[in-house]
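**Student:** Just add 207 to the spot in the sequence shown (first one is 1) and you have my numbering.
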Amino acid sequence: MASTKPILLVGCTPVIGHLSPILNIVRNLVGRGYEVHFVMATDFRKEVEDTGAIFHPFAGFCNFTLDGVSIEKRFPERKEIPAGPVRMAFDIGLLMMNPLPSQFWSLQLALDQITKKNPGRDIIGLTEGAFYGSVPSMLEAAGIRPKAWVGIGVIPMLLSSCDHPPFGPGLPPDSSPEGRERNKAMTKEVQWGILGEQNKKFHEILSMLKAKEITDPITDSIYKHSDRFLQMCIPSVEYPRSDAPSTIRFAGGIPKSPFGSAPNFSWWDKVTQNPSGRRIIFASQGTAAINYNDLLVPAIKAFKNRDDVMLIVALGIRGAVLPNTENAIPGTNTFVEEFIPYDQILPYCDVFVTNGGYGGFQHAIKNGVPLVMGGTTEDKPEVNARAEWAGVSINLKTDNPSVEQIEKAVDEILQNSKYKQRMGELKTEFESYDGIGIIEETILELAAK
Numbered sequence: 208m209a210s211t212k213p214i215l216l217v218g219c220t221p222v223i224g225h226l227s228p229i230l231n232i233v234r235n236l237v238g239r240g241y242e243v244h245f246v247m248a249t250d251f252r253k254e255v256e257d258t259g260a261i262f263h264p265f266a267g268f269c270n271f272t273l274d275g276v277s278i279e280k281r282f283p284e285r286k287e288i289p290a291g292p293v294r295m296a297f298d299i300g301l302l303m304m305n306p307l308p309s310q311f312w313s314l315q316l317a318l319d320q321i322t323k324k325n326p327g328r329d330i331i332g333l334t335e336g337a338f339y340g341s342v343p344s345m346l347e348a349a350g351i352r353p354k355a356w357v358g359i360g361v362i363p364m365l366l367s368s369c370d371h372p373p374f375g376p377g378l379p380p381d382s383s384p385e386g387r388e389r390n391k392a393m394t395k396e397v398q399w400g401i402l403g404e405q406n407k408k409f410h411e412i413l414s415m416l417k418a419k420e421i422t423d424p425i426t427d428s429i430y431k432h433s434d435r436f437l438q439m440c441i442p443s444v445e446y447p448r449s450d451a452p453s454t455i456r457f458a459g460g461i462p463k464s465p466f467g468s469a470p471n472f473s474w475w476d477k478v479t480q481n482p483s484g485r486r487i488i489f490a491s492q493g494t495a496a497i498n499y500n501d502l503l504v505p506a507i508k509a510f511k512n513r514d515d516v517m518l519i520v521a522l523g524i525r526g527a528v529l530p531n532t533e534n535a536i537p538g539t540n541t542f543v544e545e546f547i548p549y550d551q552i553l554p555y556c557d558v559f560v561t562n563g564g565y566g567g568f569q570h571a572i573k574n575g576v577p578l579v580m581g582g583t584t585e586d587k588p589e590v591n592a593r594a595e596w597a598g599v600s601i602n603l604k605t606d607n608p609s610v611e612q613i614e615k616a617v618d619e620i621l622q623n624s625k626y627k628q629r630m631g632e633l634k635t636e637f638e639s640y641d642g643i644g645i646i647e648e649t650i651l652e653l654a655a656k
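1. Please state whether the Cβ-Cβ distance between ILE421 and GLN438 is less than 9 Å.
2. Assuming contact is defined by CB atoms lying nearer than 9 Å, are VAL617 and ILE461 in contact in what I supplied?
3. Considering only residues of the same chain and omitting the five flanking positions on each side of PRO363, which have a CB-CB separation below 8 Å?
4. Please state whether DSSP places ASN512 in a helix, a strand or coil.
5. Determine, using beta carbons only, whether ILE214 and ILE321 come nearer to each other than 9 Å.
6. Below 9 Å between beta carbons: does that hold for VAL246 and VAL222?
7. Run through the stretch 458-501 for me and flag every whole beta strand (DSSP E) of 3 or more residues, listed as ranges in chain order.
8. To which residues of the same chain is GLU636 closer than 7 Å at the C-beta, ignoring the five residues directly before and after it?
9. Of the residues SER227, VAL233, GLY224, which one's Cα is nearest the Cα of GLY644?
10. Buried or exposed: where does TRP399 fall if 16 or more other Cβ atoms within 10 Å of its Cβ makes it buried?
11. Please determine, among THR649, TYR640, ALA349, ARG486, the residue with the shortest C-alpha to C-alpha distance to MET415.
12. Do you know offhand how far SER383's Cα is from PRO424's?
13. Measuring only the C-alpha atoms, how far is ASP257 from ASN235?
14. Can you list, in chain order, the residues of its chain whose CB lies under 6 Å from that of ALA571, leaving out five sequence neighbours each side?
15. Would you mind reading off the limits of the alpha helix (DSSP H) that contains ALA592?
16. Tell me the rounded alpha-carbon separation between TRP356 and LEU633.
17. According to DSSP, which residues form a beta bridge with TRP356?
18. Where does MET208 land, buried or exposed, given buried means 16+ other C-beta within 10 angstroms?
19. Please report the residue range of the beta strand (DSSP E) in which ILE601 lies.
20. In terms of residue numbering, what span does the alpha helix (DSSP H) encompassing LEU653 cover?
21. In chain order, what residues of the same chain lie with their CB nearer than 8 Å to the CB of TYR555, ignoring the 5 residues before and after it?
22. Assess contact between the stretch 296-308 and the stretch 317-331, defined as three or more Cβ pairs (one per stretch) separated by less than 8 Å. Is contact present?
23. Within 10 angstroms of the Cβ of VAL293, are there 16 or more other Cβ atoms? Answer buried if so, exposed if not.
24. Would a C-beta distance cut-off of 9 Å place LEU518 and ILE507 closer than the cut-off?
25. Going by alpha carbons, who is nearest to LYS254 out of ALA266, GLY267, CYS219?
26. Apart from the five residues just before and just after GLY538, which ones in its own chain have a Cβ nearer than 8 Å to its Cβ?
27. Across which residues does DSSP place GLN438 in a beta bridge pair?
28. VAL528: buried (16+ other C-beta within 10 angstroms of its C-beta) or exposed?
The following block contains the structure:
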């Protein structure tokens with residue numbers, strides 16, 4: 208008997224921090240019996256196919272991948288641009304605007320193949336929240352359109368609001384009359400000043416593709432024009448928006464990945480059994496920020512040979528090594544590995560020292576571990592600000608904190624129970640959601656219309 212489930216078509220930004228949670232979602236949906244087609248850069252073919260999805264390659268300009276190393280090899284001019292609004296404008300042009308037409312055509316090629324093979328079968332599109340190649344289809348551009356589009360948010364919400372400043376600098380929300388005036392002025396300056404050229408080009412692309420005319424900036428478009436938008440976090444870690452579209456819902460988050468046997472680390476029993484009762488600190492800079500002198504080296508120096516703590520360090524990249532300097536030499540209480548799955552180590556930890564990636568923040572919530580956060584590039588100021596606002600983190604507001612800053616912040620977390628207590632509340636809130644179940648309910652709801 209033919210399946211009555213709709214076919215799913217997935218599009219995602221080819222950046223590992225965006226892709227990893229989407230792969231987890233896809234793996235779960237394949238496990239629930241869905242036929243999933245995934246349009247992605249050819250460099251990630253294996254990762255896509257390992258989920259059980261059917262791979263469709265990006266076609267044309269958009270077929271590239273970006274990480275902390277390759278972005279400046281492919282676009283060397285980027286490193287000359289200072290961090291801040293100007294670099295954000297460059298990155299939006301690079302990651303969102305320039306690839307948009309070929310992303311749209313890549314989706315069209317996949318849709319053409321799917322519909323020819325499955326005439327009359329419903330197709331639901333799932334688009335990661337920064338994959339703007341799906342927007343022309345939402346706006347009825349010429350070509351094949353899925354029955355509905357579901358946005359999936361795996362980064363902090365970029366949607367502008369009267370209740371908070373524009374995305375980027377990490378400023379807190381303010382819905383007072385004075386705050387709303389400030390928010391309105393700042394948002395106008397960012398969207399139509401700093402990002403004015405990008406948004407002008409966005410509307411030109413939509414016109415070229417014969418899409419419906421809109422006035423929204425690119426960063427608002429997926430939130431406002433998806434049939435549903437599911438933000439993969441709990442409400443307590445995202446700023447409230449009194450003016451948000453009714454189609455936006457919170458889905459809690461992505462479940463922990465299943466694991467088989469315990470890691471084959473010589474020190475693993477010291478962590479899991481912890482006979483000395485030491486407080487356990489986990490430190491990682493994720494997979495994109497690879498200058499270990501920024502965070503990991505000062506963390507190693509801060510806790511070297513302290514007999515009350517154990518420090519576990521994950522470099523985040525296979526084959527990576529620490530700098531060959533005296534400060535980077537681990538103490539007897541420190542264990543360093545290339546890669547450690549967050550959900551395996553965090554259940555044993557008391558503090559997570561990180562540079563502010565959204566994925567790391569979400570893993571900390573799942574496992575109830577308060578944070579010390581650095582990082583001022585990409586979306587890190589916004590991630591760090593949300594964690595601080597939620598009451599579960601100390602925000603160091605710098606890329607390269609000092610040894611003293613790290614040690615003082617970690618000790619504050621260890622000595623002040625309010626951080627652990629608040630993170631426990633967020634963990635309970637996370638556990639009240641069934642993220643994959645909410646995604647599936649949304650798919651079936653839209654397919655039934």
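Note that CB positions come from ideal geometry on N, CA and C, so glycine has one too. What you are looking at is a predicted structure, and each value in this text was computed from that prediction instead of being measured.
**Tutor:** From the atom records:
1. As a working mapping, residue 421 is identified with position 214 in the sequence shown. As a working mapping, residue 438 is identified with position 231 in the sequence shown. Contact: no.
2. Mapped onto the sequence shown, residue 617 falls at position 410. Mapped onto the sequence shown, residue 461 falls at position 254. No, these two residues do not count as a Cβ contact at 9 Å.
3. Taking the first residue of the sequence shown as 1, we reach residue 363 at position 156. Leaving aside the five residues that flank PRO363 on each side, the residues in its chain whose CB is nearer than 8 Å to its CB run, in chain order, PHE374, GLU445, TYR565, ASP586, GLU589, VAL590, ARG593.
4. As a working mapping, residue 512 is identified with position 305 in the sequence shown. Three-state result, ASN512: coil.
5. As a position in the sequence shown, residue 214 is number 7, starting the count at 1. As a position in the sequence shown, residue 321 is number 114, starting the count at 1. Taking 9 Å as the cut-off, the beta carbon of ILE214 is found closer than this to the beta carbon of ILE321.
6. What you label residue 246 is simply residue 39 of the sequence shown in a count that begins at 1. What you label residue 222 is simply residue 15 of the sequence shown in a count that begins at 1. For the pair VAL246 and VAL222, the CB atoms are not nearer than the 9 Å cut-off.
7. List check, beta strand (DSSP E) in window: 486-491.
8. Taking the first residue of the sequence shown as 1, we reach residue 636 at position 429. Closer than 7 Å at Cβ, skipping near neighbours: ILE441, SER443.
9. Position 437 of the sequence shown, counted from the first residue, corresponds to residue 644. Nearest of SER227, VAL233, GLY224 to GLY644, Cα basis: VAL233.
10. Position 192 of the sequence shown, counted from the first residue, corresponds to residue 399. Exposed, because fewer than 16 other Cβ atoms sit within 10 Å of the Cβ of TRP399.
11. As a position in the sequence shown, residue 415 is number 208, starting the count at 1. When each option's Cα is compared against that of MET415, the closest is ALA349.
12. Mapped onto the sequence shown, residue 383 falls at position 176. Mapped onto the sequence shown, residue 424 falls at position 217. Going from the Cα of SER383 to the Cα of PRO424 covers about 24 Å.
13. Locating residue 257 in the sequence shown gives position 50, where the first residue counts as 1. Locating residue 235 in the sequence shown gives position 28, where the first residue counts as 1. One C-alpha to the other measures close to 12 Å.
14. Taking the sequence shown and counting its residues from 1, one reaches residue 571 at position 364. Excluding sequence neighbours, ALA571 sits near PHE559, LEU578.
15. Indexing the sequence shown from 1 puts residue 592 at position 385. In this chain, the alpha helix (DSSP H) harbouring ALA592 covers 587-597.
16. The residue labelled residue 356 in the question sits at position 149 within the sequence shown. The residue labelled residue 633 in the question sits at position 426 within the sequence shown. Approximately 29 Å between the Cα atoms of the pair.
17. Counting from 1 along the sequence shown, the entry for residue 356 is found at position 149. Here TRP356 is bridged, per DSSP, to GLY332.
18. Translated into the one-based positions of the sequence shown, residue 208 becomes position 1. Model confidence at MET208 stands at a pLDDT of 41, short of 50, so the residue's coordinates are unreliable and nothing is read from them.
19. Here residue 601 corresponds to residue number 394 of the sequence shown, with the count starting at 1. Note, ILE601: beta strand (DSSP E), 600-602.
20. As a working mapping, residue 653 is identified with position 446 in the sequence shown. Per DSSP, the unbroken alpha helix (DSSP H) holding LEU653 starts and ends at 642-654.
21. As a working mapping, residue 555 is identified with position 348 in the sequence shown. VAL478, THR479, ASN481, ILE487.
22. Cβ pair count under 8 Å is below three, so no.
23. Numbered from its first residue, the sequence shown carries residue 293 at position 86. Counting Cβ neighbours within 10 Å, VAL293 comes out exposed, since fewer than 16 surround it.
24. Position 311 of the sequence shown, counted from the first residue, corresponds to residue 518. Position 300 of the sequence shown, counted from the first residue, corresponds to residue 507. With respect to the 9 Å criterion, LEU518 and ILE507 are classified as neighbours on the basis of their beta carbons.
25. Working through the sequence shown from its first residue, we reach residue 254 at position 47. A small correction: the amino acid at residue 254 is Glu; Lys does not occupy that position in the sequence shown. Looking at ALA266, GLY267, CYS219, the one whose alpha-carbon comes closest to that of GLU254 is CYS219.
26. Stepping through the sequence shown from its first residue, residue 538 is reached at position 331. In the same chain as GLY538, and ignoring 5 residues on each side of it, the C-beta atoms closer than 8 Å to its own belong to ILE507, PHE510, LYS511, ASN512, ARG513, LEU518, in chain order.
27. Numbered from 1 along the sequence shown, position 231 holds the residue referred to as residue 438. Among the bridge pairs identified by DSSP, GLN438 is matched with GLY360, PHE457.
28. One-based indexing of the sequence shown puts residue 528 at position 321. So VAL528 counts as exposed.
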